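In our numbering, the protein residues as written are 420 to 750. The C-beta atom is built at its ideal place from N, Cα and C for all residues, glycine as well. Everything numeric in this text was worked out from a predicted model, so none of it was measured. Heads up, the thing below is written out as structure tokens.
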Amino acid sequence: MIKKKVVLRRRPAGQPVVEDFGIVDEELTNPAAGQVLVEVEHLSIDAFIRTTLDGDEGLHGSIALDTPVTALGVGRVVTSEFDGLQAGDAVFGPVGAQTHLIAPGVMFRKLPDGAEARQYLGALGMTTGLTAYAGLINVGAVAEGETVVVSAAAGAVGTMACQIAKIRGARVIGIAGGPAKARFLTEQIGCDGAIDYKAGGVDAALRELAHDGVDLYFDNVGGELLDTVLDQLAIGARVVICGAISQYNDRANVRGPNLYLRLAERNASMRGFTVDHFMADFPQMEQDIATWLASGQLVMPEHIVEGIEGFPEALIMLFTGGHRGKLLVAP
Ligand SMILES: NC(=O)c1ccc[n+]([C@@H]2O[C@H](COP(=O)([O-])OP(=O)(O)OC[C@H]3O[C@@H](n4cnc5c(N)ncnc54)[C@H](OP(=O)(O)O)[C@@H]3O)[C@@H](O)[C@H]2O)c1
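In structure tokens:
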């Protein structure tokens, strides 16, 4: 049996290009004691993958050239030599950008029988739904009636953050690129207002939509947009640094906020987080999100790229914004 894997051929200079990657065929062997053979069904396209392609040791480490690109995913056990898993089980884990893998069974989380496995990358996924929940509720302490602004609002974490803020009774303004995404946010995600940052004039649009100031900014983008929102914080505002996707292609020259003194002037705070710090709360988060999904209060739009060969383009798309909601690859 042959598997296919996506390897890093050379380190990207700025924005990755398809030529930075290669697709390699490899003969599959059999799992040894304690191992399982997993067929990957869906791969999560996450921003942290970009940082693993650089040569320096970022938060998520650095992969060697000619090794599979890091990726979280869900799949199905084909053969098991591990007591805790059997053929047919759905699992979640750090599967890498490949169609199959043989790995120790302890690396995987067994998903509930009958569950839609890819939900554990999206709404119930650590890097998506749980991240939005942790950022808004655990870190941002969103409260009813507050004005919340979310950047990269039409993406995976963004669509979740907008909807969770609405469920918590906030007024939500989403910022995303292009008029179609702005419409998507107000018509399908339930935002009270949306701003197309690519059209310019974010400052004026925000002043109009958030006339009493921004109580909570859930930032996925960083850079210039962070300054624009800092300038319009309400007294006592919280700025939650979830990510800074505008900065990941050149981490040696990250643009910091010029207007950080607004934090002092407005008695505001800015706090960053990574979702793994809230692991103890994951069961409660999953339960709440599952309830909202079941009641229809929460939806997770998906963009699925078919075929492992599409993995490099999908990763590039995360930066060019061709998707809405959760971006996945189905190998
Ligand atoms: N703190 C944590 O634990 C944690 C965990 C997971 C993810 N994150 C962070 O969450 C953020 C969103 O990740 P995601 O996986 O949900 O991705 P995503 O939002 O689905 O995709 C990224 C989006 O960012 C926007 N974007 C890209 N470059 C931009 C730029 N220069 N300026 C403005 N917008 C830009 C694009 O949308 P447009 O078309 O609107 O430009 C794109 O759709 C990332 O910053 C990521 O690092 C943090």
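Residue-chain proximity (residue i, chain D), Cβ-Cβ < 8 Å
i             : result
glutamate 684 : Of the protein chains in this structure there is only one, and it is not chain D.
Where the beta strand (DSSP E) through residue i begins and ends
i              : result
threonine 498  : 492–499
alanine 551    : Per DSSP, alanine 551 belongs to no beta strand (DSSP E); it is in the alpha helix (DSSP H), 548–552.
valine 640     : Taken as a continuous stretch (DSSP letters only), valine 640 belongs to no beta strand (DSSP E), as it is neither H nor E.
leucine 746    : 745–749
glutamate 721  : 721–725
methionine 689 : 688–691
serine 665     : It is not in any beta strand (DSSP E) - serine 665 carries neither H nor E in the DSSP assignment.
leucine 427    : 421–427
isoleucine 614 : 612–615
Own chain, CB closer than 8 Å to residue i, minus 5 neighbours either side, in chain order
i             : result
glycine 609   : Cys581, Gln582, Lys585 and Val591
lysine 424    : Ile442, Val443, Glu445, Pro487, Gly515, Ala516, Gln517, Thr518 and Ile727
aspartate 622 : Thr647, Asp650 and Gln651
arginine 587  : Leu555, Ile556, Val561, Ala562 and Glu563
N- and C-terminal bounds of the alpha helix (DSSP H) containing residue i
i                 : result
serine 714        : 701–714
phenylalanine 603 : 598–606
glycine 441       : That residue, glycine 441, is in no alpha helix (DSSP H); its beta strand (DSSP E) goes 440–446.
Assigned secondary structure, residue i (DSSP; H/G/I helix, E/B strand, else coil)
i                 : result
arginine 731      : According to the sequence as given, residue 731 is proline; it is not arginine. In the structure shown, proline 731 sits in a helix (DSSP, three-state: H, G or I).
threonine 471     : helix
aspartate 631     : coil
tyrosine 679      : coil
threonine 578     : helix
alanine 595       : strand
histidine 519     : strand
histidine 479     : coil
leucine 462       : strand
arginine 670      : helix
alanine 656       : strand
phenylalanine 511 : strand
threonine 489     : coil
alanine 571       : coil
glutamine 454     : strand
arginine 430      : coil
arginine 537      : helix
arginine 590      : strand
arginine 626      : helix
Residue i versus residue j - alpha carbon distance
i                 : j                 : result
leucine 628       : asparagine 557    : 26 Å
glutamine 703     : glycine 507       : 27 Å
leucine 604       : glycine 744       : 10 Å
methionine 736    : histidine 742     : 7 Å
phenylalanine 697 : glycine 691       : 13 Å
isoleucine 464    : glycine 544       : 12 Å
methionine 420    : leucine 456       : 12 Å
methionine 526    : proline 450       : 14 Å
asparagine 672    : threonine 550     : 26 Å
glycine 755       : isoleucine 594    : Nothing about residue 755 can be reported from this structure: the residues present for the chain run from 420 to 750 only.
glutamate 535     : alanine 452       : 29 Å
alanine 490       : leucine 747       : 11 Å
glutamate 606     : alanine 483       : 44 Å
serine 481        : aspartate 475     : 6 Å
methionine 565    : glutamate 705     : This sequence places glutamate at residue 565; methionine is not what is there. Roughly 24 Å between the two C-alpha positions.
alanine 589       : phenylalanine 730 : 36 Å
tyrosine 616      : leucine 644       : 9 Å
arginine 681      : leucine 635       : 14 Å
glutamate 438     : glutamate 684     : 48 Å
arginine 430      : valine 510        : 30 Å
glycine 548       : alanine 699       : 15 Å
Beta-carbon contacts of residue i that lie in its chain and below 6 Å, excluding the five residues immediately before and after
i              : result
alanine 553    : Val694 and Phe697
isoleucine 660 : Asp638 and Gly691
valine 640     : Ser570, Ala571, Ile664 and Ser665
alanine 749    : His461, Ile723 and Glu725
lysine 600     : Ala573
Cβ shell of residue i (< 7 Å), same chain only, five flanking positions each side left out
i              : result
glutamine 651  : Leu625, Arg626, Ala629, Gly632 and Val633
lysine 422     : Glu445, Leu447, Gln517, Thr518 and His519
isoleucine 468 : Val488, Thr489, Ala490 and Leu734
valine 497     : Leu456, Val457, Glu458 and Ala506
asparagine 686 : Ile654 and Gly655
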